[in-house]
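Numbered per our numbering, the sequence shown finishes at 141, counting up by one with no gaps.
All C-beta atoms in this analysis are idealised placements derived from N, C-alpha and C, irrespective of residue type, glycine included.
Treat the numbers as computed from the prediction; the structure is a model and nothing was measured.
Working notes, structure below.
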Amino acid sequence: MITREEIANVLDQPVYDGDGNKIGDAKHVFFDDMTGRPEWVSVKTGMFGSAESFVPIRDAALVQDHLEVPYGKDQVKGAPSVDVDAGGHLSETEEHRLYDYYGINWDSVLSEAERTDDGRFAAGPGPA
């Protein structure tokens, strides 16, 4: 899992899949509104970095000089295109599309959310 403190080490680094195939370069990290944790990294892919795909960062690892994600290059490149609002924020609908695509159960994300002492979800920091 990538922590908030490691984000600076992620940006502009190469992103590889578990088989050692370069996917592209990390450009932006997005936080989940519910957990406040880094949840997505946008990866510039394609010839000359002409496309951008989102990949979950929750199971990614910084390995030497790159970021390694547990998703194949073709899967990342085939991720749905999502819109980021002017404030650099992914809507809940767009996040759901990405979670579904990567086979991540939305309920598992909610169960990981930090809770306040009275059992409510703590508000995350919002856009990154």
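Query	Result
Close Cβ partners of residue 19 (< 7 Å) along its chain, the five nearest in sequence each way excluded	75
Neighbour-count burial assignment, residue 73, 16 or more Cβ in a 10 Å radius	buried
Delimiting residues of the beta strand (DSSP E) encompassing residue 29	27–30
Beta-carbon gap between residue 34 and residue 86 smaller than 8 Å	yes
Three-state class that DSSP yields for residue 102 in the structure shown	coil
8 Å Cβ cutoff met for residue 69 and residue 117	yes
Cα-Cα separation between residue 79 and residue 15, rounded to whole angstroms	12 Å
Coil, strand or helix - residue 24 by DSSP	coil
Sub-8 Å separation of residue 55 and residue 41 beta-carbons	yes
Buried or exposed (CB count within 10 angstroms, at least 16 for buried), residue 113	exposed
Alpha carbon of residue 119 to alpha carbon of residue 60, nearest angstrom	33 Å
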